[in-house]
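As structure tokens, the structure follows; a few thoughts come after it.
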Amino acid sequence: MASVRIIQRKDKSRADGTAPLYVRITARRRSRYVSTGIYVEPRHFNEARQEVRRSHPLSDAYNARLADLRLEAERAALEADAPEAVKDALQGRAGSLTRYFERFIEGLRQAGQYWERKKYTTTLRKLRACLGDEIDFADLDREALRRFEVYLRDRVGNRPNTRRKEFARLRRVVRQAVKDGVIPPERDALAYFDLPKGERPVRRKLTLEEVRALEAADLEPGSWPALARDAYVLAFYAGGMRVSDVCNLRRRHVERDGDTLRIRYRQLKTGNPVSMPLPPVARRIVEHYLADAADGRVTRPDPDAYVMPFLRDRDTGDGVRLRRAIGAVNVMLNRGIKEAARVAGLERPETISMHTARHSFADYARSRTGDLYAVSRALGHSSLQVTQAYLKSFDEEAVSELARELWSDTDR
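Its first residue numbered 100, the sequence shown is counted upward by one per residue in the numbering used here.
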């Protein structure tokens, strides 16, 4: 039968000197721990008697709680000899944050949300690295949240925006636990915790002249810099396509009407439909990759064949493998576009990534047309608010340019 004992976890001490009390369940040389939610200074805990000393003002209430938990654990131990089973019985539905987090991630997997699943898996990994493998909802108090923020900043080196996103994901999981009735609303420590402040992102964008310089760069055909350049230019002229959609572009997505070429597809990230006519530069790129280099014949009549060569020889049998393959290709493309930018003589080539094609199109389209709604539709955003947030980091430069135009002919 499993043994049950009340212990104090000094390794989880708070800044105020208090340390949590846990129920330790041991069987078959394995131990599991369940938080009691009680914190006291070590001098107030009697290890031999497994109770809070009378020197603590709340000793009676705390000891009643400890006695109840111990009795529940011992009853559960009579029916289960594995510590995990006793822990589950003791916790009921409101125990392990980490297990609930894992179930949340599994739900994302079943829904086919590959990128979201990957992000939340990273958040859980960081949370465990900071607070331990087994985290109960009772452990997630303000002190633990502060420790997590410091860990992300000092140990992981995450920037403010990344830290804010990690906390936003954690908050979503905890609030879902409240909605599911797993924990009561008052157990949501994040409800009273200020998320880390973000900072306005500095988004790199290329001007039309810089994109044309990329087009003209002398690159070895078939090399990663050349492939990345072609993908970047296509993404720019095709309405700011995401690199995932460039990689996943199929023959059936390409429609021809005389001299006009149009692409129709659903974005991998959002599922939103996109229909975009291609200007001559983008049309030539698509036709080049559709046609055989030797005689111009179409070499891949399969409507599901990829237009660009990146995924042709990779395992893309399902949504997870497709996105994993795109992630691997994106690494190579980002390296290639930096080299292509260097050859093209662009400034700060190390700051250019494939995603900046999307930034560049958005800003160019906004500056040329002033039609935010049209830009939003081209990008496939779910709302104008998303597009406004996307373009917000460019506004300071736009205001500066306006000022230069207004006052360029004055002396003061």
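Note that CB positions come from ideal geometry on N, CA and C, so glycine has one too.
Here's a check: name, in chain order, each residue in its chain whose Cβ is nearer than 6 Å to the Cβ of S343, leaving out the five neighbours to either side. L367, I425
Between which two residues does the alpha helix (DSSP H) holding Q149 run? Where Q149 is concerned, there is no enclosing alpha helix (DSSP H), given that its DSSP letter is neither H nor E.
Beta strand (DSSP E) containing M375: first to last residue? 372-377
Count the other CB atoms, across all protein chains shown, that sit within 10 Å of the CB of S195; report buried if there are 16 or more and exposed otherwise. buried
Can you tell me whether E354 is helix, strand or coil according to DSSP? strand
Neighbourhood of S112 by C-beta, 7 Å cutoff - its chain only, sequence neighbours within 5 removed: A118
Neighbour-count burial assignment, P295, 16 or more Cβ in a 10 Å radius: buried
According to DSSP, simplified to helix, strand and coil, what is P295? coil
My parser needs the beta strand (DSSP E) runs of 3 or more residues fully inside the segment 225-253; what are they? none
Give the secondary structure of G136 by DSSP, where H, G and I count as helix, E and B as strand, and everything else as coil. strand
For F203 versus L244, is the C-beta spacing smaller than 8 Å? no
Contact set for K264: own chain, Cβ-Cβ below 7 Å, skip 5 residues either direction: none
Taking the CB atoms as reference points, tell me whether L226 and R216 lie closer together than 8 Å. no
Am I right that R434 and W323 are in contact with their C-beta atoms under 8 Å? What's the rounded C-beta distance? 7 Å
Just reading off the beta strand (DSSP E) that A118 is part of, what are its end residues? 118-126
May I ask you to list the residues that DSSP assigns as paired with F144? V151
Given R169, which residues of its chain have a CB within under 7 Å of its CB, disregarding the five upstream and five downstream residues? V103, I105, V122
Q107 - partner residues in DSSP beta bridges: L120
Can you tell me which of A210, F409, N429, E140 puts its alpha carbon nearest to the alpha carbon of T369? A210
Near K218, what residues of its chain come up, given a Cβ to Cβ distance below 7 Å and the 5 sequence neighbours on each side ignored? R268
Indicate whether V385 and V406 have their beta-carbon atoms separated by less than 8 Å. yes
How many whole angstroms separate the CB atoms of R351 and P283, which I take to be in contact at a CB cut-off of 8 Å? About 51 Å separates the two Cβ atoms, so there is no contact after all.
Stretch-stretch touch, CB-based, cutoff 8 Å, three pairs: the segment 233-248 with the segment 126-146: yes
Determine whether the beta carbon atoms of L307 and Y199 lie at a separation below 8 Å. no
Shortest alpha-carbon distance to A381 belongs to which of I436, R328, V151? R328
Which partner residues of I362 appear in the DSSP bridge assignment? V353, M375
What are the boundary residues of the alpha helix (DSSP H) that includes N260? 259-278
Identify the residues that DSSP records as bridge partners of R131: which are they? I124
Considering only residues of the same chain and omitting the five flanking positions on each side of D358, which have a CB-CB separation below 6 Å? none
Top-ranked residue by Cα proximity to L333, from R274, Q212, H387: H387
Collapsed DSSP secondary structure at A175 in the structure displayed: helix
Taking 8 Å as the cut-off, decide whether the C-beta atoms of L348 and L360 are in contact. no
Taking only three categories from DSSP, how would you classify A390? strand
Alpha-carbon spacing of D110 relative to S466, whole angstroms: 56 Å
Status (buried if at least 16 other CB within 10 Å, exposed otherwise) for V310: buried
Please say whether A443 and A330 have beta carbons closer to each other than 8 Å? no
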